[in-house]
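Peer 1: Got a structure for you, written out below as structure tokens; questions coming shortly.
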Amino acid sequence: MNKCIWCGKNGDGYKELTLKSENLGENKMLICSDECEKKTTSYYQKVSRKLKFFVTGILLSVFIGIPLTFMPQIGLSIMCGGIAITIILFPFTTPQTNAFMGIKKSTILTRIIGLIMLALVLFFNIR
């Protein structure tokens, strides 16, 4: 049984899509429809263009937060809040997660996790 990379539906007779990019290399995946092909292509183009912003956001959050760990609440809040905002803005997941759940569901799950992280940071800093 094959699985569509975008929607995660199981089925047979899916067509193979090969996407190439500088940052991500060559990726072969199965898709079930023309709509899923368009959305998958758009997603991979977005990831290829914005991957540097994702990595920069994570690194900045950590490198700004580490020197502030002598004030643990502030340092951890900056690190966790920065990472949460980064994954909300750029919900990029691993190829294994995309293959397991589908890009659509894994993107939604990643944004939900980012929102939960941000809510926890705000909750512990406001109270």
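First residue of the sequence shown? That's 4 in the working numbering, and the numbers climb one at a time after it.
Ideal placement from N, C-alpha and C gives every residue a C-beta, glycine not left out.
Quick caveat, the model's predicted, so the values are computed rather than measured.
Let me confirm a value: T59 is counted as buried when at least 16 other C-beta atoms fall within 10 Å, else exposed. Which label applies?
Peer 2: Classification of T59: exposed, given that the 10 Å Cβ count is below 16.
Peer 1: In chain order, what residues of the same chain lie with their CB nearer than 6 Å to the CB of N30, ignoring the 5 residues before and after it?
Peer 2: Around N30: L22.
Peer 1: Pull up the CB-CB distance for G2 and G105, whole angstroms please, since I reckon it's below 8 Å.
Peer 2: This structure does not reach residue 2, given that the chain is present from 4 up to 130, and the question cannot be answered.
Peer 1: Tell me, to the nearest whole angstrom, how far the beta carbon of C103 is from that of V50; I am working on the premise that it is less than 8 Å.
Peer 2: One point to set straight first is that residue 103 is Phe, not Cys, in the sequence displayed. Not a contact, Cβ separation roughly 17 Å.
Peer 1: Buried or exposed: S45, going by 16 or more other Cβ atoms within 10 Å of its Cβ?
Peer 2: S45 is exposed by the Cβ-count criterion.
Peer 1: I'd like the span of the beta strand (DSSP E) that includes G28, first residue to last.
Peer 2: Residues G28 to I34.
Peer 1: On a CA-only basis, which of L118, E25, L79 and N5 is nearest Y17? Give me that one, please.
Peer 2: Cα-wise, what sits closest to Y17 is N5.
Peer 1: Is DSSP giving K23 helix, strand or coil here?
Peer 2: K23: strand per DSSP, three-state reduction.
Peer 1: Between T110, G117, L123 and R114, which lies nearest to W9 when the distance is taken from Cα to Cα?
Peer 2: Checking every option, the nearest Cα to that of W9 belongs to T110.
Peer 1: Would you give the residue range spanned by the alpha helix (DSSP H) that F66 belongs to?
Peer 2: F66 -> alpha helix (DSSP H) spans D37 to G68.
Peer 1: Which residue comes first and which comes last in the alpha helix (DSSP H) that contains K12?
Peer 2: Element bounds for K12: n/a, residue is neither H nor E.
Peer 1: Closer than 7 Å by C-beta to V65: which residues in its own chain qualify, once you throw out the five before and the five after it? Chain order, please.
Peer 2: Closer than 7 Å at the Cβ level, and outside the excluded window around V65, lie M82.
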